[in-house]
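Undergrad: Quick one: structure below, then a few questions.
Chains as they are written, first to last, in full-length UniProt numbering: chain A, 1 to 342; chain B, 1 to 376.
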């Protein structure tokens with residue numbers, strides 16, 4: 001430990017230390033690429049990806065999670081999955097990512113390597129390349145260890161059209177797995193609740209599964225990545241954008257017992273807990289089974305199920321039909337959910 | 001082991017509802033108006049709307065939402081004092097999370113935190129003790145609020161701080177006590193309540209016997225309830241049976257955790273540490289036996305000794321808040337509800353706290369048109 005290598009301000013100064021860090025940490029993990037020289041920009045051959053009617057999709061996201069490592073993933077897996085999933089739910093086939101790092105002075109390089117290795121591993125499994133990037137180092141205390149921004153580029157094939165404002169009465173609402181696990185895992189990993197439970201983040205790249213869904217059922221109308229704000233926020237936005245009422249079935253909501261327990265203890269709602277490997281799909285009811293069976297062919301879709309239905313057009317509403325035959329309206333929280341006092 | 005599912009089983013709920021609905025009809029007909037039932041605890045208010053118990057029972061029972069949310073009744077003065085303490089150099093103000101958005105006269109703790117004050121959310125008062133141990137160069141102030149439910153944990157924490165010889169932790173106490181609050185409420189002429197669903201968690205500390213004055217002095221029956229749908233329905237059935245038979249008793253429908261005497265060790269710790277006084281609470285007014293300070297043995301831990309002098313103004317609260325808190329007006333009957341007063345821009349405490357009746361009405365979109373009770 002005495003000889004542990006730490007990030008210093010020199011690593012961000014653009015001299016030999018910067019170049020050594022880039023080679024030893026980033027190029028070794030994210031390479032090799034055809035172009036081995038480190039140019040100012042990555043140049044991507046578009047011809048092989050584009051047919052007539054194809055469109056480019058582009059997205060960007062910053063990742064600032066604390067702690068960096070948590071059960072089920074780390075900031076590196078998040079930085080790849082989050083951006084890849086944002087592309088995938090727009091119907092895009094993700095091609096490549098950029099990754100920009102803001103590092104805190106004093107960060108052990110070993111920790112950075114661990115993060116970068118899981119980014120490389122996740123990118124490989126999601127079949128995307130990390131083709132360009134940037135590194136900045138700031139003085140201790142100015143950031144919390146590592147902040148990562150990834151930008152993703154993807155191609156939407158001709159004919160694919162998924163948007164938030166296309167939900168129609170009669171559509172089935174589907175999810176690929178249990179809700180709220182990422183939010184619960186992060187909350188426990190922070191350690192200040194004094195609770196322990198076997199909850200892992202659902203962090204996963206969903207583009208292989210979503211690609212298969214769109215090939216099998218091009219009629220999918222809406223797809224959303226239910227990250228921050230959770231399934232509740234995403235469905236509330238869909239109800240607003242499409243001007244429809246969405247009814248969920250309380251008994252059908254897949255929530256793990258551990259996540260449910262944490263929520264009940266703190267007075268929080270798993271519908272508003274973050275997920276990092278959960279897609280909400282709205283599809284005409286007749287094709288719901290076809291989508292569910294594609295989901296179940298993938299490891300991320302083993303507990304895929306229908307959780308509700310779009311019931312009518314003309315008024316944006318989101319509610320739950322309870323086990324007792326009553327209705328409960330779902331209102332988007334104003335800010336973060338705050339644990340209750342007693 | 002407690003089987004949660006048994007207390008949520010739809011067949012059990014249906015059996016109870018089938019008994020309650022005709023009984024509520026009969027009791028309401030005898031009174032020629034809906035039965036007014038106050039659930040004292042904010043947790044019960046949410047549980048009722050969460051399960052839709054109000055929809056299952058129908059219009060013969062009107063739920064009057066009581067003052068049992070300590071965040072809702074917290075005076076603006078308390079928030080101002082907490083902010084002033086948080087702004088002192090080297091201070092950490094440790095607080096329960098749902099106090100962050102409560103408006104004082106000059107903003108909220110959340111705003112003070114954004115402006116640089118050191119405000120940290122903790123989940124237990126013992127977390128504040130840990131903060132003080134870990135950061136001996138800082139002075140930790142714990143914002144100690146709550147009914148009799150949170151008081152014992154805080155009393156034990158103060159005792160632990162003294163045993164450990166800590167000198168960098170203090171407590172800003174704003175505790176309101178349940179029984180004096182209910183008595184204060186029942187002393188008002190305008191109050192219109194036929195009976196109470198008694199709170200669950202507070203009763204673990206107080207014990208069922210503590211409610212005897214409610215039945216004996218004020219002639220109102222009370223049934224202590226848990227928080228699951230079957231708990232609440234069972235308590236409501238027992239309450240309606242009392243009203244139907246003309247009985248007026250304190251009954252315990254939460255006997256799996258509440259006994260008659262309460263938690264004696266908790267009561268002893270509270271008596272050793274807390275000093276009682278009269279305090280003015282939002283919407284409720286002056287309530288005796290409130291706790292703003294500590295007994296002489298523990299006075300070194302009272303944050304008031306470090307408090308700068310603050311302007312003692314009156315709370316700018318909309319008049320309707322008090323009417324809602326005393327059951328004379330339903331949240332949606334307030335002209336500000338859902339308009340100027342929303343969870344994003346709360347005008348009063350009932351909209352701020354997630355346990356508040358107005359926040360519950362807003363969250364669950366409760367807006368059925370019910371007439372207020374005009375009986376005196």
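Every residue, glycine too, gets a C-beta built ideally from N, C-alpha and C. Just so you know, these numbers come straight off a predicted model, no measurement behind them.
Use the C-beta contact count for residue 57/A: other C-beta atoms within 10 angstroms, 16 or more gives buried, fewer gives exposed.
TA: For the purposes of this step, residue 57/A is taken as residue 57 along the first chain, with counting starting at 1. Classification of residue 57/A: buried, given that the 10 Å Cβ count is 16 or more.
Undergrad: What's the C-alpha gap between residue 119/B and residue 236/B?
TA: Along the second chain, one-based indexing puts residue 119/B at 119. Along the second chain, one-based indexing puts residue 236/B at 236. Straight-line Cα distance between these residues: approximately 41 angstroms.
Undergrad: Provide the residue span of the alpha helix (DSSP H) that contains residue 363/B, from first to last.
TA: As a working note, residue 363/B is residue 363 in the second chain. Looking at the DSSP string, the run of the alpha helix (DSSP H) that includes residue 363/B is 357 to 363.
Undergrad: How many angstroms separate the CA atom of residue 344/B from the CA atom of residue 338/B?
TA: The sequence position of residue 344/B within the second chain is 344, counting from 1. The sequence position of residue 338/B within the second chain is 338, counting from 1. Distance between the alpha carbons of residue 344/B and residue 338/B: 10 angstroms.
Undergrad: Buried or exposed: where does residue 259/B fall if 16 or more other Cβ atoms within 10 Å of its Cβ makes it buried?
TA: In the second chain, residue 259/B corresponds to position 259, counting from 1. Its Cβ having fewer than 16 others within 10 Å, residue 259/B is exposed.
Undergrad: Whose C-beta lies closer than 8 angstroms to the C-beta of residue 48/B among residues of the same chain, with five residues either side of it excluded?
TA: Sequence index remark: in the second chain, residue 48/B carries index 48 (1-based). Excluding sequence neighbours, residue 48/B sits near 39, 54, 63 and 232.
Undergrad: Identify every residue that forms a DSSP beta bridge with residue 119/B.
TA: Along the second chain, one-based indexing puts residue 119/B at 119. Answer is 93/B, bridged to residue 119/B.
Undergrad: Could one say the Cβ of residue 104/A lies closer than 7 angstroms to chain B's Cβ atoms, at least one of them?
TA: Walking along the first chain from the start, residue 104/A turns up at place 104. Not closer than 7 angstroms to any Cβ of chain B, the Cβ of residue 104/A fails to qualify, so no.
Undergrad: May I ask you to verify whether the region 69 to 87 of chain A touches the region 198 to 208 of chain A, counting CB pairs closer than 8 angstroms and requiring at least 3?
TA: Judged by Cβ distances under 8 angstroms, the region 69 to 87 of chain A makes contact with the region 198 to 208 of chain A, as three or more pairs qualify.
Undergrad: I'd like the list of long-range same chain contacts for residue 129/A, defined as Cβ closer than 6 angstroms, with 5 residues on each side in sequence excluded.
TA: Here residue 129/A corresponds to residue number 129 of the first chain, with the count starting at 1. Only 96 meet the Cβ criterion.
Undergrad: Does the beta carbon of residue 401/A sit closer than 7 angstroms to a beta carbon anywhere in chain B?
TA: Any question about residue 401/A goes unanswered here, given that chain A covers just 1 to 342.
Undergrad: Which residues, taken in chain order from the region 230 to 259 of chain B, show a beta carbon closer than 8 angstroms to some beta carbon of chain A?
TA: If the cut-off is 8 angstroms between Cβ atoms, the region 230 to 259 of chain B has nothing near chain A.
Undergrad: Would you kindly report the start and end of the unbroken beta strand (DSSP E) that includes residue 387/B?
TA: Outside the displayed span of chain B (1 to 376) sits residue 387/B, for which this structure offers no information.
Undergrad: When Cβ atoms are compared, which residues of the region 272 to 288 of chain B fall closer than 9 angstroms to chain A?
TA: Against chain A - using a Cβ distance shorter than 9 angstroms - the region 272 to 288 of chain B contributes no residues.
Undergrad: Could you run through the region 53 to 79 of chain B and flag, in chain order, every residue whose CB is less than 9 angstroms away from some CB of chain A?
TA: Of all residues in the region 53 to 79 of chain B, 53, 54, 55, 56, 69, 70 and 71 have a Cβ within less than 9 angstroms of some Cβ in chain A.
Undergrad: Nearest-angstrom Cα distance between residue 57/B and residue 237/A?
TA: Walking along the second chain from the start, residue 57/B turns up at place 57. Walking along the first chain from the start, residue 237/A turns up at place 237. Cα-Cα distance, rounded: 32 angstroms.
Undergrad: Please list, in chain order, the chain A residues whose beta carbon lies closer than 7 angstroms to that of residue 10/B.
TA: Position 10 of the second chain, counted from the first residue, corresponds to residue 10/B. The contacting residues are 323 and 324.
Undergrad: Could you tell me whether any Cβ in chain A is nearer than 7 angstroms to the Cβ of residue 140/B?
TA: For this step, residue 140/B is matched to residue 140 along the second chain. For residue 140/B, the answer is no, since every Cβ of chain A falls outside 7 angstroms of its Cβ.
Undergrad: Is it buried or exposed for residue 52/A, if we count other Cβ within 10 angstroms and need 16 for buried?
TA: In the first chain, counting from the first residue as 1, residue 52/A sits at position 52. Answer is exposed; the Cβ neighbour count stays below 16.
Undergrad: Measuring only the C-alpha atoms, how far is residue 59/A from residue 154/A?
TA: Here residue 59/A refers to the residue found at position 59 of the first chain. Here residue 154/A refers to the residue found at position 154 of the first chain. Distance between the alpha carbons of residue 59/A and residue 154/A: 9 angstroms.
Undergrad: What's the call for residue 373/B, buried or exposed, on a 16-neighbour Cβ count within 10 Å?
TA: As a working note, residue 373/B is residue 373 in the second chain. With a pLDDT of only 34 at residue 373/B, under the threshold of 50, the placement of this residue in the model should not be trusted, and no figure is reported.
Undergrad: Whose Cβ in chain B lies nearer than 8 angstroms to the Cβ of residue 327/A?
TA: Counting from 1 along the first chain, the entry for residue 327/A is found at position 327. Correct list: 52 and 55.
Undergrad: Under 6 angstroms Cβ to Cβ from residue 369/B, same chain only, skipping five residues before and after it: list those, please.
TA: Walking along the second chain from the start, residue 369/B turns up at place 369. Its pLDDT being 33, under 50, residue 369/B is placed unreliably in this model, and the coordinates cannot settle the point.
Undergrad: With distances taken Cα to Cα, identify the nearest neighbour of residue 89/B among 131/B, 137/B, 46/B and 202/B.
TA: The residue given as residue 89/B occupies position 89 in the second chain. The candidate whose alpha carbon is nearest that of residue 89/B is 137/B.
Undergrad: One question on the structure: do residue 96/B and residue 142/B come within less than 7 angstroms of each other, judged by their Cβ atoms?
TA: Position 96 of the second chain holds residue 96/B. Position 142 of the second chain holds residue 142/B. Result no, Cβ atoms of residue 96/B and residue 142/B do not sit closer than 7 angstroms.
Undergrad: Entirely within the UniProt domain "PurM-like N-terminal" (39 to 156) of chain A and at least 3 residues each: give me those beta strand (DSSP E) ranges in chain order.
TA: You should have 55 to 63, 93 to 104, 129 to 138 and 146 to 156.
Undergrad: On the three-state DSSP scale, how would you describe residue 298/B?
TA: Locating residue 298/B in the second chain gives position 298, counting from the first residue. Helix at residue 298/B.
Undergrad: For residue 197/B versus residue 44/B, is the C-beta distance shorter than 7 angstroms?
TA: For the purposes of this step, residue 197/B is taken as residue 197 along the second chain, with counting starting at 1. For the purposes of this step, residue 44/B is taken as residue 44 along the second chain, with counting starting at 1. Yes, they are a contact pair.
Undergrad: Count the other C-beta atoms from every protein chain shown that fall within 10 angstroms of the C-beta of residue 74/A, then say buried if there are 16 or more, exposed otherwise.
TA: As a first step, residue 74/A must be located in the first chain, where it is residue number 74. The residue in question, residue 74/A, is buried, as its Cβ has 16 or more Cβ neighbours within 10 Å.
Undergrad: Measuring CB atoms only, is the region 143 to 153 of chain B touching the region 200 to 207 of chain B, in the sense that at least three cross pairs come out at less than 8 angstroms?
TA: Counting Cβ pairs under 8 angstroms, three or more are found: they touch.
Undergrad: How about residue 171/A and residue 241/A: do their beta carbons lie closer than 7 angstroms?
TA: In the first chain, residue 171/A corresponds to position 171, counting from 1. In the first chain, residue 241/A corresponds to position 241, counting from 1. No; because the gap between Cβ atoms is not below 7 angstroms, this pair is not in contact.
Undergrad: Does residue 162/A come out as helix, strand or coil in the three-state DSSP assignment?
TA: Along the first chain, one-based indexing puts residue 162/A at 162. Reduced to three states, the DSSP call for residue 162/A is coil.
Undergrad: Check distances from the C-beta atoms of the region 345 to 363 of chain B to those of chain A and list, in chain order, the residues that come in under 8 angstroms.
TA: Correct list: 354, 355, 362 and 363.
Undergrad: Going along the chain, which residues of the region 107 to 123 of chain B sit with their C-beta nearer than 7 angstroms to a C-beta in chain A?
TA: Listed by position, the residues of the region 107 to 123 of chain B near chain A (Cβ gap below 7 angstroms) are 123.
Undergrad: Is the distance from the Cβ of residue 391/B to the Cβ of residue 360/B below 7 angstroms?
TA: It is not possible to answer for residue 391/B, since the shown part of chain B is limited to 1 through 376.
Undergrad: Ignoring anything shorter than 4 residues or poking outside the region 255 to 340 of chain A, list the alpha helix (DSSP H) runs there in chain order.
TA: Fully enclosed alpha helix (DSSP H) runs of 4 or longer: 257 to 266 and 288 to 296.
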